[in-house]
Ligand SMILES: [Zn+2]
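Residue numbers (our numbering): 73 to 455.
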């Protein structure tokens, strides 16, 4: 089955985020959960074998599915839940969901539609309105050039798995020239209209007519590896939050389990202490105490295992977005040193882009001159 996991690899490199071998078994329930999340819907699993699904109106209409559906995955559950749709191989619901999966998960290149590709006359005003250079003289604009900026926007479906599982879609954007993490710039481009056609050479072309940001670009394989690293950096803190939440449930259940065994054990010990001089009976109670101890260890391991939470990611789709942007080279004087700083003005979003910190990678608007000739995002990083 082609599903959400069928993606066309970029220049022959398989995305590293694909899940490793988990057998050939196709888990329908999980396939559907991933699909719905990838399609912008919401999934909840109130109990085993049952999914509550909410699809975006458009998607639901296109697929001929209800916006809110109860899906069940085994025959017995289907009998118990007559209002539910039974999903199995060959069922119409599954076929419709699969067609959703085929529509997703492709690599496409899109070009921003920009009415006029030229350097705005008040570029310096726009830059100074957004970026502040601390402890420095006013910046001087040295040169401007217009280039085609390309970024790869990855959509990952991340599954958080304990005894329950839930999924969420996460976007990561990578500048395909500098490999910078441009995820924080995605919001600004939300209103940009992209076309699958490159603008034609005549007029204000973007992409085809403009020079790329650099002559040598990294391979797309490298872009994918970067995207995975940025994804991990974003998932790790989220996973920690979820793990902490789950740990609370785990501790609660452990308290119950331990309470039960404490009582059972106390009863057994009391019986042994009150034992007669019947050696058989004493031996039986000792055996029971030992069995109880082993049982308790097993239950503790079960509970801990049940609440262990991991995250897995799957690459869902990749879009290459091409936008024209102005590269402005500024000279900024700090003490007796002249710093050269590139600032980008995106002609599709009409925004001055935040600078990317060479120390920590964060985006920032308030710049501090560092000893080694670069601007950084925090005074502490300047030392
Ligand atoms: Zn920084």
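We put the CB at the ideal spot given by N, CA and C, even for glycine. As the structure is a computational prediction, the values presented were derived from the model and not from experiment.
So, for residue i: in the same chain, excluding its five sequence neighbours on each side, which residues have a beta-carbon less than 8 angstroms away from its beta-carbon?
i           : result
residue 357 : 340, 343, 344 and 347
residue 414 : 399, 400, 401 and 402
residue 94  : Residue placement at residue 94 is flagged as unreliable, the pLDDT there being 32, under the threshold of 50; the coordinate-derived value follows with that caveat. Within the same chain, residue 94 has no close Cβ partners at all.
residue 100 : 145, 159, 160, 161 and 166
residue 157 : 141, 142, 143, 144, 163 and 165
residue 306 : 242, 244 and 255
residue 321 : 379
residue 268 : 180, 181, 182 and 183
residue 355 : none
residue 437 : 202, 203, 204, 426 and 427
residue 275 : With a pLDDT of only 39 at residue 275, under the threshold of 50, the placement of this residue in the model should not be trusted; the figure read from the coordinates follows. Cβ within range, chain order: n/a, list empty.
residue 372 : 326, 329 and 330
Compute the minimum distance between the beta carbon of residue i and the heavy atoms of ligand 1, and state whether it is under 7 angstroms.
i           : result
residue 434 : yes
residue 453 : yes
residue 448 : yes
residue 431 : yes
With a threshold of 6 angstroms on Cβ separation, who are the neighbours of residue i within its own chain once the five nearest residues in sequence on each side are excluded?
i           : result
residue 277 : Bear in mind that the predicted position of residue 277 carries a pLDDT of just 39, short of 50, making it unreliable; the figure below should be weighed with that in mind. Excluding positions up to five away in sequence, the list reads 271.
residue 240 : 230
residue 97  : Note that residue 97 scores 37 on pLDDT, short of 50, meaning its location in the model is unreliable and no value can be drawn from it.
residue 237 : 231
residue 361 : 340
residue 378 : 235
residue 410 : 403
residue 454 : 440, 442 and 448
Can you give me the Cβ contacts of residue i inside the same chain, cut-off strictly under 7 angstroms, excluding the 5 residues immediately before and after it?
i           : result
residue 181 : 392 and 394
residue 451 : 440
residue 104 : 123, 143, 159 and 169
residue 127 : 108, 111, 113, 137 and 139
residue 187 : none
residue 150 : 144, 156 and 158
Just confirm the distance between the C-beta atoms of residue i and residue j, as a whole number of angstroms; I'd bet it's less than 8 angstroms.
i           : j           : result
residue 129 : residue 119 : Not confirmed; about 27 angstroms, so no contact.
residue 147 : residue 232 : Not quite, the Cβ-Cβ distance comes to about 29 angstroms (not below 8 angstroms), so this is no contact.
residue 311 : residue 383 : 5 angstroms
residue 195 : residue 213 : 7 angstroms
residue 302 : residue 244 : 5 angstroms
residue 45  : residue 381 : Since the displayed the chain opens at 73 and closes at 455, residue 45 lies outside it and no answer follows.
residue 189 : residue 419 : 6 angstroms
residue 260 : residue 423 : 5 angstroms
residue 248 : residue 222 : 5 angstroms
residue 257 : residue 425 : 6 angstroms
residue 216 : residue 191 : 5 angstroms
residue 417 : residue 198 : 7 angstroms
residue 227 : residue 388 : 5 angstroms
residue 246 : residue 421 : That pair is no contact at about 17 angstroms.
residue 364 : residue 327 : In fact, because the Cβ distance is near 18 angstroms, the residues do not count as touching under 8 angstroms.
residue 375 : residue 334 : The Cβ separation is near 15 angstroms, so there is no contact.
Residue i CB to nearest chain D CB: under 8 angstroms?
i           : result
residue 164 : Going by chain labels, chain D is absent from the structure shown, which holds only one protein chain.
Report yes if the C-beta of residue i is less than 7 angstroms from at least one heavy atom of ligand 2; otherwise report no.
i           : result
residue 239 : Ligand 2 is absent from the structure shown, which contains only ligand 1.
### Query
Three or more beta-carbon pairs under 8 angstroms between the stretch 406-423 and the stretch 436-445, yes or no?
Touching, yes, given that three or more Cβ pairs across the two stretches are closer than 8 angstroms.
### Cβ contact (3+ pairs, closer than 8 angstroms) linking the stretch 246-259 and the stretch 420-438
At 8 angstroms Cβ cutoff, the stretches touch.
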